[in-house]
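Trainee: Residue numbers (UniProt numbering), protein chains in the order written: chain F, 1 to 190; chain S, 1 to 190.
For glycine and all other residues, C-beta sits at the position ideal for the given N, C-alpha and C.
Number of protein chains: 2
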Amino acid sequence: MPKLGMEPIRREALVTAAIAEIGAAGSLDVTVSAISKRAGMSSALAHHYFGNKDQIFLAAMRHILAGFAVEVRSRLSMADTPRDRLTALVEASFAQSCFDPEVISAWLNFYVKAHSSPDAMRLLRVYQHRLRSNLIHTLRPIAREPEALADTIAALIDGLYIRAALGAVKTNDPASAILAFTAPHLEDER
Amino acid sequence: MPKLGMEPIRREALVTAAIAEIGAAGSLDVTVSAISKRAGMSSALAHHYFGNKDQIFLAAMRHILAGFAVEVRSRLSMADTPRDRLTALVEASFAQSCFDPEVISAWLNFYVKAHSSPDAMRLLRVYQHRLRSNLIHTLRPIAREPEALADTIAALIDGLYIRAALGAVKTNDPASAILAFTAPHLEDER
DNA sequence: ATGTTTATTGATTGACGCGTCAATTAAAAA
DNA sequence: TTTTTAATTGACGCGTCAATCAATAAACAT
Numbered sequence: 001m002p003k004l005g006m007e008p009i010r011r012e013a014l015v016t017a018a019i020a021e022i023g024a025a026g027s028l029d030v031t032v033s034a035i036s037k038r039a040g041m042s043s044a045l046a047h048h049y050f051g052n053k054d055q056i057f058l059a060a061m062r063h064i065l066a067g068f069a070v071e072v073r074s075r076l077s078m079a080d081t082p083r084d085r086l087t088a089l090v091e092a093s094f095a096q097s098c099f100d101p102e103v104i105s106a107w108l109n110f111y112v113k114a115h116s117s118p119d120a121m122r123l124l125r126v127y128q129h130r131l132r133s134n135l136i137h138t139l140r141p142i143a144r145e146p147e148a149l150a151d152t153i154a155a156l157i158d159g160l161y162i163r164a165a166l167g168a169v170k171t172n173d174p175a176s177a178i179l180a181f182t183a184p185h186l187e188d189e190r
Numbered sequence: 001m002p003k004l005g006m007e008p009i010r011r012e013a014l015v016t017a018a019i020a021e022i023g024a025a026g027s028l029d030v031t032v033s034a035i036s037k038r039a040g041m042s043s044a045l046a047h048h049y050f051g052n053k054d055q056i057f058l059a060a061m062r063h064i065l066a067g068f069a070v071e072v073r074s075r076l077s078m079a080d081t082p083r084d085r086l087t088a089l090v091e092a093s094f095a096q097s098c099f100d101p102e103v104i105s106a107w108l109n110f111y112v113k114a115h116s117s118p119d120a121m122r123l124l125r126v127y128q129h130r131l132r133s134n135l136i137h138t139l140r141p142i143a144r145e146p147e148a149l150a151d152t153i154a155a156l157i158d159g160l161y162i163r164a165a166l167g168a169v170k171t172n173d174p175a176s177a178i179l180a181f182t183a184p185h186l187e188d189e190r
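1) Taking Cβ-Cβ distances below 7 Å as the criterion, which residues of the stretch 78-111 of chain S are in contact with chain F?
2) Arg190(S): buried (16+ other C-beta within 10 angstroms of its C-beta) or exposed?
3) So Thr138(F) and Leu86(F) are supposed to be a Cβ contact under 8 Å. How far apart are they, rounded?
4) Taking C-beta pairs closer than 7 Å, name the residues in chain S that Ser133(F) reaches, listed in chain order.
5) Starting from Val15(F) and walking both ways along the alpha helix (DSSP H), at which residues does that stretch end?
6) For Ala39(S) versus Ala13(S), is the C-beta spacing smaller than 7 Å?
7) Is any beta-carbon of chain S found at less than 7 Å from that of Arg163(F)?
8) I need the DSSP call for Arg190(F), collapsed to helix, strand or coil.
9) To the nearest angstrom, report how far apart Gly159(F) and Pro141(F) are at their CA atoms.
10) Looking at chain S, is there any beta carbon in it that lies within less than 7 Å of the beta carbon of Leu160(F)?
11) Determine contact between the stretch 47-64 of chain F and the stretch 102-122 of chain F, defined as no fewer than three beta-carbon pairs at a distance below 8 Å.
12) Starting from Gly26(S), find everything on chain F with Cβ-Cβ shorter than 8 Å and list it in chain order.
13) Can you tell me where the alpha helix (DSSP H) holding Ser116(S) begins and where it ends?
14) Against chain S, does Ala177(F) count as a neighbour if the rule is that its beta carbon must be under 7 Å from one of theirs?
15) At a Cβ threshold of 7 Å, is residue 221(S) touching chain F?
16) In the DSSP assignment, what are the bridge partners of Ala143(F)?
17) Does the separation of the CB atoms of Ala143(F) and Leu135(F) fall below 7 Å?
18) May I ask you to report which of helix, strand or coil DSSP gives Asp80(F)?
19) Does any residue of chain S bring its CB to less than 7 Å from the CB of Leu156(F)?
20) Does DSSP put Val72(F) in a helix, a strand or coil?
21) In angstroms with no decimal places, state the Cα-to-Cα distance between Tyr161(F) and Pro174(F).
22) Using 7 Å as the threshold, is the C-beta distance between Gly23(S) and Glu102(S) below it?
23) Say whether chain F places a C-beta atom closer than 7 Å to the C-beta of residue 212(S).
24) Quick check on Lys184(F) - is its C-beta less than 7 Å from some C-beta in chain S?
25) Pick helix, strand or coil for Ala154(S), following the three-state DSSP scheme.
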């Protein structure tokens, strides 16, 4: 029963299903069949729209990245002072949407995937560069070494992600932990 | 040409080869054949000694963990003050042996593997718990909240590992970055 | 010598999964 | 109504890979 304009609907369904499957399996060892089944279609259709499995994974990651970008912009727009901007950036990294186990699992797996897939690596670089730029720009007025501090904060975010993915999250709030840890490195406002 | 007592030699060769293969591929998508070939034997022999592929991976990770433990003990034994002990712990995490790209790749992949393999998860918990205990014990005399600080430092170590694995390491020395970042949270010696 | 144990592998099996393709359906266009 | 076009799938070919097994060969024991 072919209705027209199914492509975007199918693509989104597949992307969502892929993220869910990756989350359920905890790895990228997920078959196109399983993804398609969850998305309510045949695997042939998935191949028809995406070409191959890697493209599905990449689309899933792009989807997650886009969601994160929205989260960041939304929070940044409500921040005025550098300190508020820093808080916004860090809290965005641990927003509900990013902290979803499925999303964390996808992140972790795509980190590894980036090792062997130049396309995945490029996507990761986009995220990293954007976060780094945002942090440096925000820190410049209030930190002596904005670049070094930004790199440390970024690594800390990544590290807390891993710990969350491994279920060892008894930490109340990763964001406030980072901010408290960072505070001594910020200059007094004058 | 069966010489006797080959088992330990074969096992070590397979473990080393597995780490090399994982490092070369950047993922766990490595065939038993490839590992066996690199180790200079047939895949049947690998199965003979290890039973299945997962056991090879686990043995490889145990091997890496053991090497890390040696590194830690060695450096701890030469430290007297709490501050020296902290330096020893952090620097051990970024020792040459841990920073080897092959080893980093293995770590990253086994993080993911732990998601679906209880055995791998148990191994990771051993490492995490040991590091956490060491950090807390070391920090107790010089930090107000040893547990929270230990968790943050551990996450920071993990995060810097990822960045190293992704090749974005322009940072001079991760260890000194961590120590500098941690310094303000240590109490004055009295 | 003869038998037992250990080491070793080539060949094989069985399963699985990606990607393709021809065929089908039904909406839209002519 | 006829034709085109988008949507959709079942079946399948092809390759891959983990794991098994029977067979061979050398060391050791008696």
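Mentor: Let me lay it out:
1) Listed by position along the chain: Ser105, Leu108, Asn109, Tyr111.
2) Only weak support exists for where Arg190(S) lies, its pLDDT of 39 falling under 50; the value from the coordinates is given anyway. Of the residues assessed, Arg190(S) falls on the exposed side of the cut-off, its CB having fewer than 16 other CB atoms within 10 angstroms.
3) Right, their Cβ atoms sit about 5 Å apart.
4) Those do not exist, as Ser133(F) stays about 14 Å from chain S at its closest Cβ, beyond 7 Å.
5) Counting along the chain, the alpha helix (DSSP H) containing Val15(F) begins and ends at 7-25.
6) In this structure, Ala39(S) places its C-beta atom within 7 Å of the C-beta atom of Ala13(S).
7) Residue-level contact check: Arg163(F) touches chain S, since one or more beta carbons of chain S fall below 7 Å from its beta carbon.
8) Residue placement at Arg190(F) is poorly supported in this model, since its pLDDT is 39, which falls under 50; the coordinates still yield a value, given next. Three-state DSSP puts Arg190(F) in coil, outside helix and strand.
9) Between Gly159(F) and Pro141(F), the C-alpha separation is close to 26 Å.
10) Any Cβ of chain S closer than 7 Å to the Cβ of Leu160(F) would place that residue at the interface, and such an atom is present.
11) Enough Cβ pairs lie closer than 8 Å, so yes.
12) For Gly26(S), the neighbours in chain F by C-beta distance under 8 Å run, in chain order, Val112, His115, Ser116.
13) Ser116(S): not part of any alpha helix (DSSP H); DSSP gives it neither H nor E.
14) For Ala177(F), the nearest beta carbon of chain S is closer than 7 Å to its own beta carbon.
15) The requested residue 221(S) is not part of the displayed model; chain S covers only 1 to 190.
16) According to DSSP, Ala143(F) bridges with Leu186(F).
17) Cβ atoms of Ala143(F) and Leu135(F): not closer than 7 Å.
18) DSSP places Asp80(F) outside both helix and strand once states are collapsed to three, so it counts as coil.
19) At least one C-beta of chain S is nearer than 7 Å to the C-beta of Leu156(F).
20) The DSSP-derived three-state label of Val72(F) is helix.
21) Rounded to whole angstroms, the separation of the alpha carbons of Pro174(F) and Tyr161(F) is 9 Å.
22) Yes, the pair counts as a contact, with Cβ atoms nearer than the cut-off.
23) Not covered by the structure: residue 212(S). The range shown for chain S is 1 to 190.
24) Residue identity differs from the one stated: residue 184(F) is Pro in this sequence, not Lys. Put simply, the CB of Pro184(F) is near chain S, with a gap under 7 Å to one of its CB atoms.
25) Secondary structure of Ala154(S) (DSSP, three-state): helix.
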